[in-house]
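Peer 1: Residue numbers (our numbering): 172 to 528. Where is the CB? At the ideal position from N, CA and C, for every residue including glycine. This is the structure I want to talk about, given as structure tokens.
Put into structure tokens, the structure is as follows:
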């Protein structure tokens, strides 16, 4: 018993119902039918408790914000400020700034990078591409960089830690950076300024917040998803503690648009505020249950007759997650889209962070 208590207390304190073990989805005679569980497996089988139709659809407000994708190119390209364009295929985003002296590109997602040079030429005919800026080192945002491999004199700008990570990984589709920085850095082209600020909110090595002051434009990739709750595990962040501080950092900038790298929608200041409030709510809700975690773990372990401490611990974590997600979903349904899809993941991310901290 003492060993089990040490096992639990060495990790953290959260809260949940005393017995967390649930029956499988198979019907058991005499047992109530299984209920929808947003953290369970999504099923395509009609009649299943977690059939995909049990989840709420994308909100009408979110759908209304989505731009039209050109059926021929598979892209949407919009000029949001004079000379500043953003590009999306509906899942990923990039941007480019056209100046009198050349074009500056931010990220090259492989999902549509092959189409990016033509999109740039269409809106900047005869103007050379001069800079490619990497927001961070993850392949899903920059592994299309090879399409710019034949651009003479192209400067590829990235954080020094990203350059080192790319060199170790030997990913041929990602052009190696030609200019690096490890402190706030800026450069100018054709009278336009780009400010690059190192940050830590997502990637294992380094993130960069890209800011265009004249255009009041911020690119903070893999942060929020405008109109929706964040993607799984808060955008698959490598450090949820750092992620929770990023909102105030972004709000220090004067901006009209934020490019977050995912979905088709550009964000606003209001989107950042909503994402902050949602994320902090998850943090606080999961934390509120931590005080009774040990008692509930012990109660579950007693039900298991002290035969499997790991199973009891897993059951306790799962129940904490369900309690947290239930509260969060009830508060945020109708305010942000897909909350029932990702709330369980967000709650578990905070739980696991607390285990380690």
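Per DSSP, which residues does residue 212 bridge with? Please list them.
Peer 2: Note: residue 212 sits in no beta bridge, so no partner.
Peer 1: Quickly, what does DSSP pair residue 302 with across the bridge? List them, please.
Peer 2: 275 and 326
Peer 1: Helix, strand or coil for residue 280 per DSSP?
Peer 2: coil
Peer 1: So, for residue 348: in the same chain, excluding its five sequence neighbours on each side, which residues have a beta-carbon less than 8 angstroms away from its beta-carbon?
Peer 2: 305, 327, 328, 329, 333, 334 and 337
Peer 1: Pick helix, strand or coil for residue 501, following the three-state DSSP scheme.
Peer 2: helix
Peer 1: Enumerate, from N- to C-terminal direction, the unbroken alpha helix (DSSP H) stretches of 4 or more residues contained entirely within the region 347-397.
Peer 2: none
Peer 1: Here's the rule I'm using: 16 or more other beta-carbon atoms within 10 Å means buried, otherwise exposed. How should residue 401 be labelled?
Peer 2: buried
Peer 1: For the region 423-439 and the region 497-510, state whether three or more C-beta atom pairs, one from each stretch, are separated by less than 8 angstroms.
Peer 2: no
Peer 1: Between residue 454 and the rest of its own chain, which residues show a CB-CB distance below 7 angstroms, the 5 nearest in sequence each way excluded?
Peer 2: 415 and 521
Peer 1: Considering only the beta carbon of each residue, do residue 308 and residue 376 sit closer than 8 angstroms?
Peer 2: Going by C-beta atoms, residue 308 is nearer than 8 angstroms to residue 376.
Peer 1: Expressed to the nearest angstrom, what Euclidean distance is found between the alpha-carbon atoms of residue 473 and residue 466?
Peer 2: 11 angstroms
Peer 1: Could you give the C-beta distance for residue 367 and residue 357, rounded to a whole number, given that I count them as a contact under 8 angstroms?
Peer 2: 7 angstroms
Peer 1: Within this structure, are the beta carbons of residue 398 and residue 249 separated by less than 8 angstroms?
Peer 2: no
Peer 1: Buried or exposed, going by whether 16 or more other CB atoms sit within 10 Å of the CB of residue 477?
Peer 2: exposed
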